[in-house]
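The structure appears below as structure tokens.
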Ligand SMILES: C[S@@+](CC[C@H](N)C(=O)[O-])C[C@H]1O[C@@H](n2cnc3c(N)ncnc32)[C@H](O)[C@@H]1O
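Numbering (my numbering), first residue to last: 500 to 853.
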């Protein structure tokens, strides 16, 4: 019996709740899994995002370490990767949906996003929900509640991100609502619909999995004993600025007290330092990231045809450290997220010790 079988049931029977996240590799998870050798025990998802690849690693029975510098992604990692069994009960939901436990403290969503992304009533509901998250009895339940509410918010907003100001205009357009009824459904209803999928996705693979929330350049020097790392960094030219696209979720989770909220979308400022989203820094930081990974034997690097730096540059950055084999999967349709135009291809660089 291999490690990813438990009482005759494969961990592969668990289902990751389908994400809507720019650059998510959810639809490529089976393909990427085929490049993870059986003997790998500890696997790191360095840029976890929606956590769909970290979840696949957990399903394969690996000790999974995941990381993302955005807190709302870290919460998904805590809820579905690190968490071994805490789920939300009907009593927890009753608590989450109860009145705002501290309206003076918890009013940020209403102040910032009323009549922008949500009606005032919905924004106030988000605040009261957030005020009650902290009353849940353990951190995993709290993470699960945050993860499900963040997903509910992306379902409710056109295009599933917050870098535009069209949310309420589109929600008033009958043709759009006909195509996507979630635009007019209350957050409460969306949450209740998603809840069983998230609860059912929580499982224990009998490994000590962990979710981190730091810049990968700071995390790599702290890790030992990792057998394989998966890198799916943001690439310049293709939606690299995740803080602009998902600022609302980050504000909801962090509940910032020390930020300014700028421009039409009320994005927080200053942003966290990323290091991979500007052409001027990307190459130096990719090189540094590879240097910091020399102790990890296998690297899998996701890449899209239309990214910066180009594939030859990527190859030349990795080549001093590892043998590189390039694998390609051609998109059938434009459904792969970041840069996923039909006919373009998803690339995986398989990097092994020389
Ligand atoms: C292409 S997405 C990863 C998508 C992920 N593989 C999935 O399936 O959802 C890149 C992620 O890197 C995160 N990120 C950007 N800069 C980072 C940094 N310096 N350290 C850690 N995470 C970072 C972003 O928040 C974003 O979630």
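Idealized CB from N, CA, C, for every residue including glycine.
Check	Outcome
With a threshold of 7 Å, establish whether the CB of residue 716 neighbours any heavy atom of ligand 1.	yes
Does DSSP put residue 818 in a helix, a strand or coil?	coil
Give every residue of the same chain whose Cβ lies closer than 8 Å to the Cβ of residue 500, excluding the five residues on either side of it in the sequence, and list them in chain order.	For residue 500, the predicted model reports a pLDDT of 43, less than 50, meaning its position is unreliable; a value from the coordinates is still stated below. Nothing meets the Cβ criterion.
Would the C-beta of residue 736 count as close to ligand 1, meaning under 7 Å from any of its heavy atoms?	no
Please tell me whether residue 591 and residue 609 are closer than 8 Å, where the distance is taken between their beta carbons.	no
Going by Cα to Cα distance, which pick from 672, 604 and 615 is closest to residue 628?	604
For residue 761, which of helix, strand or coil comes out of DSSP?	strand
For residue 583, which three-state DSSP category applies?	coil
Buried or exposed: which applies to residue 636, given that a residue is buried once 16 or more other Cβ atoms fall within 10 Å of its Cβ?	exposed
Does DSSP classify residue 526 as helix, strand or coil?	helix
Which residue marks the beginning of the alpha helix (DSSP H) containing residue 692, and which one marks its end?	686 to 700
Just to confirm my understanding: we take residue 642, look at its own chain, exclude 5 residues before and 5 after, and list those with CB closer than 6 Å. What are they?	574, 577 and 578
Any idea what DSSP makes of residue 847, helix, strand or coil?	strand
How about residue 655: is its Cβ closer than 7 Å to a heavy atom in ligand 1?	no
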